[in-house]
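*Asks:* Each residue of the sequence shown is one higher than the one before, counting from 112 in my numbering. Even glycine gets a Cβ: it sits at the ideal position worked out from N, Cα and C. Values in this document were obtained by computation on a predicted structure and should not be read as measured data.
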Amino acid sequence: MATAQAAHDDAPSAARETGVALVGLVVGVLVGYGLWAGFHLDNLHNGLLALTFTAVGLYVVRMRPGHRVGRLFAAVGVLQAVLFFGRQYARHEPRLPAADWLAWVAVWPVPLVIAIAGVAVMAFPDGRMLSPRWRMAAVVMVVLGILLSVASALWPIEDDWDRLVVEHPLQVDGAAWAERTVWPVTVFCYLAFQVLWAAAVIARIRRAGAEEVRQLRWFVYAVAIALCLLLVGAVVWQTPLPGLIALSLIPVAAGIAIFKYRLYDIDPVINKTLVVGAMVLMITVGYVVVVVGVGALLPVSNPLLSLAATAVIALLFEPVRRRAQRLADRLVYGHRATPYEALAQLSAQLPQAPEGLLGGIAATVAKAVGATEVVVWLGDEREMAPAATWPERAGENTAVQAVALADLGSAPRTHLRPVVHRGRVLGSITVTKQAGESLSRAERQLLDDLVAQTGLVIDHQAQAAELKAAARRIVTATDAARRRIERDLHDGVQQRLVTLGLELGGLAERAAVAGDADLAARAESARRQLLEATAELREMARGLHPSVLTQDGLEPALANLADRSPIPVRLRVSVAGRQPAEVEATAYFLISEA
């Protein structure tokens, strides 16, 4: 099940890929033919808007299939391509067939295009309206756009007809009334649409979180510039053309915001472009300063200046490149981890204590893919239990019943990746994104790489736990062996030696009574040696596992050990109560061997 889901995530729909290619081809053909038909400055904004909206929209549709902003941008781009093609075709010299009808097609959809573009602006960046009221406002705007487009299709009310030098193909009664009544309403709606855009963006900024504010920052700059140029152009220059051309900044800024803060795919391209651009600028400036600047001070040209410029550039190249790379990384990635940094952070956590490894993995994955929640699970395909969660749930009971691997990926907005190492399932990672968001292709690849590294981490942690358990078993077994030997010596050999000592003492007494002084002396000497051997054996048995350690604890046992030491010992022990038996035994024998 998990493999099927991963394959579904990694393989974009063939139909979607085909649709993206066809839309891009159609827009490219329309804009290309429009450019071939001639250059008209007042139509340029339509071509720019067609290219920028389509490029950004199709890229978002391809990388984030469920993103509504991508579809809206693509729709605006296609309509703008139609407008550009029709207007360029109508103004071609000599006159082409059906020029009036293509001009008509290039004019009447304008209100609808403006309305759809407004909806795209209002829905940026997550593709959703702020509230049901804003959703209703967007619906009203689209309905008005449709009605005004119908009016524009019936009557030549748009002022674009004055520049197209062709007649409106439909001769419908009421043209004078429409120009006197409908056109002022259209102009008012255009202004109202723009005010609505600005209000929606401002309202979204006021409610946005830190991540969304960073996305909106580029977008707001572009919208503000375009609106200012529209107003200034209309009032000062008597033409909205500067503002119309500046409208192409809106999809560009939207693309920067989406790519910069969501899609890693484009980040390396932007990063390398910034670095290469900085290096080209440095080489150009260095050459000009040395060759042109210094050359102007010399009375005659000197061919050595080129060599000097090359030497200066060679010396400055690497320091400038490093600084440019750092600046590009900061501009492109900000404080977010790049894919390489995410893998490096995960590798750097390996030497940490095993207890904190899984929490570090969850935090690294969340930071790398922009997740709202990451859970690391441990277990096999039949049973898995959560071992670490990001963000940490302080004070929350995390006891969860075991869950099968097949059931983990069933939650909405959850992406499942099983952790497999050497063909064995060790656990899994579940990643939850915000509503309406999915993992981009680069994020999926990065997540797969992190999961592969996680397999090594979990295997390392399991081996460390097994090693720790083995060491504990060795200590326990050794302690048990000492206890058994001490008991056997006490109950077996030591008791027999004591009995033998008593018999030797009795033999010495009987020999003395019988008048055999030599036998009595030998028996008494043997008895004393046997008592000394018994004492040494008793001391050795106590050293194997002293009973005072079991009965009274570590501190009295160490004090007894110090008292029996042949050299002076100064002892200071600070132990908070009794410890586990294996801990006390390990500490005692470590100190006794010191």
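Go to W735, then tell me how far its beta strand (DSSP E) extends in each direction, as first and last residue.
*Replies:* As shown, the chain starts at 112 and ends at 705. That puts residue 735 outside it, with no answer to give.
*Asks:* Can you tell me the Cα-Cα spacing of A132 and A185, whole angstroms?
*Replies:* 12 Å
*Asks:* Got a sec, what are the start and stop residues for the beta strand (DSSP E) H156 sits in?
*Replies:* It is not in any beta strand (DSSP E) - H156 instead sits in the alpha helix (DSSP H) that spans 155 to 174.
*Asks:* Take the Cβ of M74 as the centre, count every other Cβ of all protein chains shown within 10 Å, and call the residue buried at 16 or more, exposed below.
*Replies:* The first residue shown for the chain is 112 and the last is 705, placing residue 74 beyond what the model contains.
*Asks:* Could you have a look at P529 and say whether DSSP puts it in helix, strand or coil?
*Replies:* In this structure, P529 counts as strand in the three-state DSSP scheme.
*Asks:* Taking just the CA atoms, how far does V218 sit from E290?
*Replies:* 15 Å
*Asks:* Would a C-beta distance cut-off of 8 Å place V487 and L561 closer than the cut-off?
*Replies:* Result no, Cβ atoms of V487 and L561 do not sit closer than 8 Å.
*Asks:* When burial is assigned at 16 or more other CB atoms within 10 Å of the CB, is C300 buried or exposed?
*Replies:* Residue burial annotation: C300 is buried, with at least 16 other C-beta atoms found within 10 angstroms of its C-beta.
*Asks:* For A268, does the three-state DSSP call read helix, strand or coil?
*Replies:* It is worth fixing the name first, because residue 268 is Ile in this sequence and not Ala. Of the three classes helix, strand and coil, the one that applies to I268 here is coil, per DSSP.
*Asks:* Here's the rule I'm using: 16 or more other beta-carbon atoms within 10 Å means buried, otherwise exposed. How should T587 be labelled?
*Replies:* exposed
*Asks:* Could you check where the beta strand (DSSP E) with R317 kicks off and where it finishes?
*Replies:* Careful: R317 lies outside any beta strand (DSSP E), inside the alpha helix (DSSP H) at 294 to 318.
*Asks:* Of all the options I225, V142, D590, R244, which has the alpha carbon lying nearest to the alpha carbon of L358?
*Replies:* I225
*Asks:* Does L255 pass the burial test, meaning 16 or more other C-beta atoms within 10 Å, or should it be called exposed?
*Replies:* buried
*Asks:* Can you name the residues that DSSP bridges to E484?
*Replies:* T543
*Asks:* Sort G145, R528, S539 by Cα distance to L550 and report the nearest one.
*Replies:* Answer by Cα proximity: R528.
*Asks:* Tell me, please, whether the segment 630 to 642 touches the segment 663 to 676 by the rule of three or more beta-carbon pairs shorter than 8 Å.
*Replies:* no
*Asks:* I'd like the list of long-range same chain contacts for V717, defined as Cβ closer than 6 Å, with 5 residues on each side in sequence excluded.
*Replies:* With the chain represented from 112 up to 705, any question about residue 717 goes unanswered, as that position is not in the structure.
*Asks:* Whose C-beta lies closer than 7 Å to the C-beta of E278 among residues of the same chain, with five residues either side of it excluded?
*Replies:* D211
*Asks:* Is it the case that the Cβ atoms of I336 and H156 are separated by a distance below 8 Å?
*Replies:* no
*Asks:* If you draw a straight line from the C-alpha of G188 to the C-alpha of L141, how long is it?
*Replies:* 11 Å
*Asks:* Hey, would you say L578 sits closer than 8 Å to V480, going by beta carbons?
*Replies:* no
*Asks:* Using beta-carbon positions only, say whether S260 and E269 come within less than 8 Å of one another.
*Replies:* no
*Asks:* Please list, in chain order, all residues of the same chain as I316 whose beta carbon is under 6 Å from its beta carbon, the five residues on each side excluded.
*Replies:* L327
*Asks:* Could you tell me the distance, in whole angstroms, from the CA atom of L567 to the CA atom of D518?
*Replies:* 24 Å
*Asks:* Report buried or exposed for P208, applying the criterion of at least 16 other Cβ atoms within 10 angstroms of its Cβ.
*Replies:* exposed
*Asks:* With a threshold of 16 other CB atoms inside 10 Å of the CB of S703, please say whether the residue is buried or exposed.
*Replies:* exposed
*Asks:* Cα-Cα, which of F235, R583, P430, V298 is closest to H330?
*Replies:* A small correction: the amino acid at residue 330 is Phe; His does not occupy that position in the sequence shown. Residue F235 is the option with its Cα nearest to F330.
*Asks:* Should M252 and F304 be called a contact, given that it needs their Cβ atoms to be closer than 8 Å?
*Replies:* yes
*Asks:* Under a Cβ-count criterion, where at least 16 other Cβ atoms within 10 Å of its own Cβ denotes burial, should W288 be classed as buried or exposed?
*Replies:* exposed
*Asks:* Is the Cβ-Cβ distance between G534 and G490 less than 8 Å?
*Replies:* no
*Asks:* Looking at C-alpha atoms only, which residue of G617, V694, R649, W266 is the closest neighbour of W215?
*Replies:* The shortest Cα separation from W215 among G617, V694, R649, W266 belongs to W266.
*Asks:* Are there 16 or more other CB atoms within 10 angstroms of the CB of Q282, so buried, or fewer, so exposed?
*Replies:* exposed
*Asks:* Quick one: which unbroken alpha helix (DSSP H) runs of 4-plus residues sit fully inside the segment 195 to 228? Chain order, please.
*Replies:* Annotation: the segment 195 to 228 contains the following complete segments of the alpha helix (DSSP H) (minimum length 4 residues), in chain order: 210 to 216.
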